[in-house]
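If you count by the numbering used here, then the sequence shown holds residues 169 to 473, one letter each, in order.
Below you'll find the structure, written out as structure tokens, and then a few comments.
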Amino acid sequence: MNPKALCSSSSSSSSSSLSSGSWNTSKVWIVHGIVAGVAIAAAIGARVYLGPVKKFRSRVVGIIPARFASSRFEGKPLVQILGKPMIQRTWERAKLATTLDHIVVATDDEKIAECCRSFGADVIMTSESCANGTERCYEAIQKLEKKYDVVVNIQGDEPLVEPEIIDGIVKALQEAPDAVFSTAVTSLKLEDAFDPNRVKCVVDNNGYAIYFSRGLIPFNKSGKANPQFPYMLHLGIQSYDTKFLKIYRELKPTPLQLEEDLEQLKVLENGYKMKVIKVDHEAHGVDTPEDVEKIEALMRELNMS
Ligand SMILES: *[C@@H]1O[C@H](CO)[C@@H](O)[C@H](O)[C@H]1NC(C)=O
Ligand SMILES: *[C@@H]1O[C@H](CO)[C@@H](O)[C@H](O)[C@H]1NC(C)=O
Numbered sequence: 169m170n171p172k173a174l175c176s177s178s179s180s181s182s183s184s185s186l187s188s189g190s191w192n193t194s195k196v197w198i199v200h201g202i203v204a205g206v207a208i209a210a211a212i213g214a215r216v217y218l219g220p221v222k223k224f225r226s227r228v229v230g231i232i233p234a235r236f237a238s239s240r241f242e243g244k245p246l247v248q249i250l251g252k253p254m255i256q257r258t259w260e261r262a263k264l265a266t267t268l269d270h271i272v273v274a275t276d277d278e279k280i281a282e283c284c285r286s287f288g289a290d291v292i293m294t295s296e297s298c299a300n301g302t303e304r305c306y307e308a309i310q311k312l313e314k315k316y317d318v319v320v321n322i323q324g325d326e327p328l329v330e331p332e333i334i335d336g337i338v339k340a341l342q343e344a345p346d347a348v349f350s351t352a353v354t355s356l357k358l359e360d361a362f363d364p365n366r367v368k369c370v371v372d373n374n375g376y377a378i379y380f381s382r383g384l385i386p387f388n389k390s391g392k393a394n395p396q397f398p399y400m401l402h403l404g405i406q407s408y409d410t411k412f413l414k415i416y417r418e419l420k421p422t423p424l425q426l427e428e429d430l431e432q433l434k435v436l437e438n439g440y441k442m443k444v445i446k447v448d449h450e451a452h453g454v455d456t457p458e459d460v461e462k463i464e465a466l467m468r469e470l471n472m473s
């Protein structure tokens with residue numbers, strides 16, 4: 169139907185019955201009032217139906233998976249960074265997040281467990297056979313006494329992780345019921361454009377992930393990185409709906425996941441939605457012993473202890 173025709177016909181009918189413009193205005197108000205009333209009644213009905221209002225996905229646990237064996241860096245979680253074990257630094261940062269009800273370290277190693285208990289962390293022992301951090305998180309939540317709606321997988325090798333990023337992805341997941349997964353990106357430095365270890369991400373207009381790649385996306389027609397384009401770097405931190413975590417680990421590997429060697433792609437390839445938040449963050453992941461010196465130099469520069 170032509171909206172213009174509808175509009176003109178109603179205005180002509182009202183002007184024929186009453187010439188006063190103010191009546192027209194009050195009629196509009198009444199119509200709006202009725203619509204609002206219906207909406208309020210529906211909202212009240214929904215509330216009665218759902219019982220007391222409870223925040224969606226309200227119970228949140230942060231898990232820091234930490235394994236001793238690592239192909240590139242044996243005993244990495246215990247490496248000292250300006251005199252404190254790296255895992256302790258990550259844990260202390262996570263403690264500052266306001267959305268986490270509970271934080272645990274999930275590890276397969278007694279030395280790591282002992283160290284974590286000594287600075288006051290809760291520890292869950294997981295099996296050595298866990299193939300990845302997600303698996304370790306899953307095993308850990310099975311062993312937790314309480315039930316949680318959301319699990320945040322906090323990488324133990326990001327000792328400078330901002331608590332605001334943790335809170336940001338938790339809130340993003342709570343506010344996007346159609347998403348099962350949330351994660352964060354930051355601006356990609358141009359020098360990292362073609363580094364396959366730096367994972368790039370593109371999102372849609374509503375902030376849902378479209379794709380992740382080790383290659384540069386989007387790819388400029390010129391074949392070079394475009395200094396004007398706001399490319400995004402994926403940060404390792406992620407949170408999941410607990411029910412989805414079970415599905416996630418059971419999903420079979422998918423072609424794009426296997427080709428890029430990026431686990432999160434199987435979420436998208438299976439049609440699930442992932443919410444992405446953009447944050448200001450200098451990534452300081454510790455992958456190699458050389459990274460330790462780099463991060464210590466940076467912390468000294470920033471006067472952090
Ligand atoms: C590609 O990058 C250049 C700058 O390097 C930019 O001027 C251009 O608009 C970009 N897009 C296309 C389609 O060339
Ligand atoms: C982690 O590894 C396990 C075992 O190989 C696999 O079943 C699972 O799908 C992996 N997790 C994810 C999230 O891909």
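Where is the CB? At the ideal position from N, CA and C, for every residue including glycine.
Please read all numbers here as calculations on a predicted model, not as lab measurements.
Straight-line gap, residue i to residue j (C-alpha atoms, nearest Å)
| i | j | result |
| --- | --- | --- |
| Gly336 | Val435 | 20 Å |
| Asn471 | Ile309 | 37 Å |
| Ile378 | Val371 | 5 Å |
| Met400 | Thr354 | 6 Å |
| Cys298 | Ser390 | 43 Å |
| Thr351 | Asp429 | 17 Å |
| Tyr316 | Val228 | 6 Å |
| Lys411 | Leu419 | 13 Å |
| Ile334 | Glu450 | 15 Å |
| Pro253 | Ala465 | 16 Å |
| Leu341 | Ala265 | 15 Å |
| Phe236 | Asp276 | 7 Å |
| Ile302 | Ser473 | Position check: residue 302 holds Thr in this sequence, whereas Ile was assumed. The alpha-carbon atoms of Thr302 and Ser473 are separated by roughly 31 Å. |
| Lys407 | Glu427 | The question names Lys, but residue 407 is Ser in the sequence shown. Computed Cα separation, rounded: 24 Å. |
| Glu474 | Lys222 | Any question about residue 474 goes unanswered here, given that the chain covers just 169 to 473. |
| Glu458 | Ser226 | 40 Å |
| Ser441 | Glu332 | The sequence given here places Lys at residue 441; Ser does not occur at that position. Spanning the two alpha carbons is a distance of roughly 22 Å. |
| Asn438 | Lys446 | 24 Å |
| Phe224 | Asp269 | 14 Å |
| Arg417 | Asn300 | 10 Å |
| Phe380 | Asp455 | 20 Å |
| Glu242 | Leu433 | 28 Å |
Residues that residue i bridges to, as DSSP identifies them
| i | result |
| --- | --- |
| Tyr408 | Val319 and Phe349 |
| Met442 | Phe349 |
| Leu403 | Ala352 |
| Val460 | BP columns for Val460 are empty, so no partner. |
| Val291 | Val273 |
| Tyr140 | For the chain, the structure presents residues 169 to 473; residue 140 sits outside this window and is missing. |
| Ser381 | Lys368 |
| Tyr306 | Paired residues: none, contrary to the question. |
| Val229 | His270 and Val319 |
| Ile337 | Per DSSP, none; premise fails for Ile337. |
| Lys223 | BP columns for Lys223 are empty, so no partner. |
Same chain, Cβ closer than 7 Å to residue i, five either side skipped, listed in chain order
| i | result |
| --- | --- |
| Cys305 | Ile231, Pro233, Ala274, Val319, Asn321 and Leu413 |
| Ser238 | Lys244 |
| Arg468 | none |
| Leu358 | Ala393 and Pro395 |
| Lys443 | Ala340, Leu341, Ala344, Ala347, Ser350, Gly375 and Tyr376 |
| Val338 | Val228, Thr267, Val318, Val320 and Ser407 |
| Gly201 | Note that Gly201 scores a pLDDT of 46, beneath 50, so its modelled location is shaky; the value from the coordinates is reported in the next line. Result list for Gly201: empty, nothing under 7 Å. |
Contacts around residue i, its chain only, beta-carbon distance under 8 Å, and the 5 residues preceding and following it disregarded
| i | result |
| --- | --- |
| Phe397 | Pro386 and Asn388 |
| Ile405 | Val320, Asn321, Ile322, Gln323, Glu326, Val329, Ile333, Ile334, Ile337, Thr351 and Ala352 |
Own chain residues within Cβ distance below 6 Å of residue i, not counting five before or after
| i | result |
| --- | --- |
| Gly453 | Asp325 and Glu326 |
| Ile271 | Gly230 and Ala262 |
| Gly288 | none |
| Glu296 | Asp276 |
| Leu250 | Glu464 and Met467 |
| Asp409 | Val348 |
Count the CB pairs spanning the segment 242-256 and the segment 361-370 that are closer than 8 Å, and state whether there are at least three.
no
Meets three-Cβ-pair contact criterion under 8 Å: the segment 254-264 and the segment 290-306:
Contact fails: fewer than three Cβ-Cβ distances are below 8 Å.
Determine, using beta-carbon pairs with one atom in the segment 343-353 and one in the segment 274-283, whether at least three such pairs fall under 8 Å.
no
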